[in-house]
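For the sequence shown, position 241 (counting from the first letter as 1) is numbered 287 according to the working numbering, and the numbering increases by one without interruption. Glycine is no exception: its CB is placed at the ideal position from the N, C-alpha and C atoms.
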Amino acid sequence: MDVNAAVAAVAAIAGVLTGVIAMLAVRFSEREQRRPTRTSLHTDPVLPPGVDTVLSVLRSSAVVLDEADAVVKASSAAYALGLVRGGKLAVEPMLKMARDTRRDGEIRQVELDLPRRGTGRGEALAVSARVAPLGSRLVLLLVEDLTEARRIEAVRRDFVANVSHELKTPVGALSLLSEAVMDASDDPEAVERFAGRMQIEATRLTNLVQELIDLSRVQNDDPLEDAEPVRVDELVAEAIDRCRHAAGTKEITMAAAGADDLRIWGNRGQLAAALGNLVENAVNYSPARTRVGIAARTVVQPGGDLIEIAVTDQGIGISEKDKERVFERFYRVDPARSRATGGTGLGLAIVKHVAASHGGEVTVWSAEGQGSTFTLRLPEARAARDRAHRMSHRDDDTEGLGGGAGGASHPTPHGSADPSPHSSDPSAYATLPSPEVLP
Numbered sequence: 047m048d049v050n051a052a053v054a055a056v057a058a059i060a061g062v063l064t065g066v067i068a069m070l071a072v073r074f075s076e077r078e079q080r081r082p083t084r085t086s087l088h089t090d091p092v093l094p095p096g097v098d099t100v101l102s103v104l105r106s107s108a109v110v111l112d113e114a115d116a117v118v119k120a121s122s123a124a125y126a127l128g129l130v131r132g133g134k135l136a137v138e139p140m141l142k143m144a145r146d147t148r149r150d151g152e153i154r155q156v157e158l159d160l161p162r163r164g165t166g167r168g169e170a171l172a173v174s175a176r177v178a179p180l181g182s183r184l185v186l187l188l189v190e191d192l193t194e195a196r197r198i199e200a201v202r203r204d205f206v207a208n209v210s211h212e213l214k215t216p217v218g219a220l221s222l223l224s225e226a227v228m229d230a231s232d233d234p235e236a237v238e239r240f241a242g243r244m245q246i247e248a249t250r251l252t253n254l255v256q257e258l259i260d261l262s263r264v265q266n267d268d269p270l271e272d273a274e275p276v277r278v279d280e281l282v283a284e285a286i287d288r289c290r291h292a293a294g295t296k297e298i299t300m301a302a303a304g305a306d307d308l309r310i311w312g313n314r315g316q317l318a319a320a321l322g323n324l325v326e327n328a329v330n331y332s333p334a335r336t337r338v339g340i341a342a343r344t345v346v347q348p349g350g351d352l353i354e355i356a357v358t359d360q361g362i363g364i365s366e367k368d369k370e371r372v373f374e375r376f377y378r379v380d381p382a383r384s385r386a387t388g389g390t391g392l393g394l395a396i397v398k399h400v401a402a403s404h405g406g407e408v409t410v411w412s413a414e415g416q417g418s419t420f421t422l423r424l425p426e427a428r429a430a431r432d433r434a435h436r437m438s439h440r441d442d443d444t445e446g447l448g449g450g451a452g453g454a455s456h457p458t459p460h461g462s463a464d465p466s467p468h469s470s471d472p473s474a475y476a477t478l479p480s481p482e483v484l485p
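In structure tokens:
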């Protein structure tokens, strides 16, 4: 009996101790759960009221850091730029700026070049970073992407440098030739020779200035403000007439087909300049006694028909590496040949801008030694005008101004009836196969 009593007493004491320990463990666990942790500090809304809303509408990438350099808030753009990774600021110079600002409260700004994520070409991402204190514990980092602005500035600098160089060449030549004329005043043959060279350089200078004016105009003007239906056959005839003398000198045959009854919606002057530049290049870069072809057709598209004008030559052709750059300003495939033909390197840049401003495009197919085909695709007049009318009616309905009779006819933008004589049925358009390089 004494042994059994002792065992029972020991069991009772053990049960009491277990209960006490369990109760203490539960209370300790509750206390730990109520205690704020570092993780809970990051997840709780610690931003001052209204800051979150302001950051969401900023164009700059925004990152908010706490006193432990952990990211409290970051915009999606900050993640896209690779500024934040794993809940931490991944750019060491910006992190150092944030720590310095947290220490002394001063606002800091710096421009940095960051490696671009996902590319192995060593391209840099230009950014401007600004760090400022946000309250007593937080630091705000605003990052603005300057890559596109720097690219535009570089293009502008290159353009100014190229213009200066291109203008300096004929001006310098004119200066030297004028001195030569003065020195050879007693030699009529030399004076005549130098005067002929002066005329060539003066013509080159005039063409360069005119193309600079044309390029500036197509970049700044809205062609649709003065848009009208433009006959393609008239544009082709004007382009051929523009190059007739140069083609006749080289015995180049120019042939056109498929342009009848086709119309483009746009600015007549700009369209004539674009097609004229393509035909002029084809003649200038073709050898003697070859052929230049101009073909037009309608291409049916779900969003509206397009007019496709292709200019094909039997010239020297363009290499693969040059095809990517032929539409750049002042770029020449063969600089020596361009000087001989008087080319400025701006003709195709003008064509590209005209096509883009009219809602179209220009493409090139070429092979070295076989020739080139430049294709200009632009909206057809009826399809473009119908889209404009639909947009106009939609705006009128939205503003409550469309209360006229349902059967009323709508004038063209010039207030006259539809001047286009052809039907909107695609079968009524003249169609041609895509032009190939002539044998």
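Among the options, nearest to residue i - alpha-carbon criterion
{"i": "Q316", "options": "I353, L261 and G294", "result": "L261"}
{"i": "L222", "options": "L213, F240 and S210", "result": "F240"}
{"i": "C289", "options": "T409, D272, G322 and E152", "result": "G322"}
{"i": "D272", "options": "V397, G312, V206 and T215", "result": "G312"}
{"i": "A320", "options": "A356, V201, R250 and A248", "result": "A356"}
{"i": "D112", "options": "R176, L141, A126 and S122", "result": "L141"}
{"i": "E366", "options": "V345, G417 and G393", "result": "G417"}
{"i": "V227", "options": "Q245, H211 and T215", "result": "Q245"}
{"i": "Q347", "options": "I286, Q360, D233 and G406", "result": "G406"}
{"i": "V516", "options": "L192, E370 and A342", "result": "With the chain represented from 47 up to 485, any question about residue 516 goes unanswered, as that position is not in the structure."}
{"i": "H211", "options": "F376, R335, E199 and K119", "result": "F376"}
{"i": "I286", "options": "M300, R428 and L424", "result": "M300"}
{"i": "L422", "options": "G133, F373 and V177", "result": "F373"}
{"i": "L158", "options": "R148, M143 and D150", "result": "M143"}
Residue i to residue j span [Cα, whole Å]
{"i": "P94", "j": "R105", "result": "20 Å"}
{"i": "S462", "j": "N327", "result": "In this predicted model, S462 has a pLDDT of only 35, less than 50, meaning its place in the structure is not dependable; the value taken from the coordinates is given anyway. Approximately 37 Å between the Cα atoms of the pair."}
{"i": "V400", "j": "E225", "result": "41 Å"}
{"i": "V185", "j": "V110", "result": "6 Å"}
{"i": "A402", "j": "L394", "result": "12 Å"}
{"i": "R243", "j": "L254", "result": "17 Å"}
{"i": "A114", "j": "V100", "result": "23 Å"}
{"i": "A504", "j": "G218", "result": "Given that the chain is displayed from residue 47 to residue 485, the structure contains no residue 504 and the question cannot be resolved."}
{"i": "G181", "j": "D351", "result": "60 Å"}
{"i": "T344", "j": "L308", "result": "8 Å"}
{"i": "V209", "j": "R202", "result": "10 Å"}
{"i": "L324", "j": "F420", "result": "7 Å"}
{"i": "G128", "j": "A116", "result": "16 Å"}
{"i": "A136", "j": "T193", "result": "19 Å"}
{"i": "K296", "j": "S332", "result": "9 Å"}
{"i": "R84", "j": "V118", "result": "Low per-residue confidence applies at R84: pLDDT is 39, beneath 50, and the placement is therefore not dependable, though the value from the model is reported in the following sentence. Straight-line Cα distance between these residues: approximately 11 Å."}
{"i": "P234", "j": "A292", "result": "29 Å"}
Beta-bridge pairing of residue i - partner residues as DSSP gives them
{"i": "V276", "result": "I310"}
{"i": "E407", "result": "R423"}
{"i": "K119", "result": "V110"}
{"i": "I355", "result": "A342 and L422"}
{"i": "R176", "result": "Q155 and L188"}
{"i": "P95", "result": "None, per the DSSP bridge assignment."}
{"i": "A302", "result": "I340"}
{"i": "L171", "result": "L160"}
Collapsed DSSP secondary structure at residue i in the structure displayed
{"i": "K296", "result": "coil"}
{"i": "Q316", "result": "helix"}
{"i": "V137", "result": "coil"}
{"i": "V412", "result": "In the sequence on display, residue 412 carries Ser and not Val. Looking at S412 - three-state DSSP - the assignment turns out to be strand."}
{"i": "V372", "result": "coil"}
{"i": "R131", "result": "strand"}
{"i": "R288", "result": "helix"}
{"i": "R552", "result": "No answer is possible for residue 552: the residues shown for the chain start at 47 and end at 485."}
{"i": "P348", "result": "coil"}
{"i": "A207", "result": "helix"}
{"i": "I59", "result": "helix"}
{"i": "P234", "result": "helix"}
{"i": "L363", "result": "Residue identity differs from the one stated: residue 363 is Gly in this sequence, not Leu. In the structure shown, G363 sits in coil (DSSP, three-state: anything other than H, G, I, E or B)."}
{"i": "G181", "result": "coil"}
{"i": "G391", "result": "coil"}
Cβ distance (whole Å) where residue i is taken to contact residue j below 8 Å
{"i": "A501", "j": "P161", "result": "An answer regarding residue 501 cannot be provided, because it is not within the stretch 47 to 485 covered by the chain."}
{"i": "V282", "j": "I353", "result": "At roughly 11 Å, the Cβ-Cβ gap does not stay under 8 Å, so V282 and I353 are not in contact."}
{"i": "V189", "j": "A175", "result": "5 Å"}
{"i": "G363", "j": "S412", "result": "5 Å"}
{"i": "A108", "j": "A124", "result": "6 Å"}
Residue i beta carbon near the ligand FMN (any heavy atom closer than 7 Å)
{"i": "G242", "result": "Annotation note on the ligand FMN: not contained in the displayed structure, which lists no ligands."}
Residue-level contact to chain B via CB, residue i, 8 Å cutoff
{"i": "I362", "result": "The displayed structure is made up of one protein chain only, and chain B is not part of it."}
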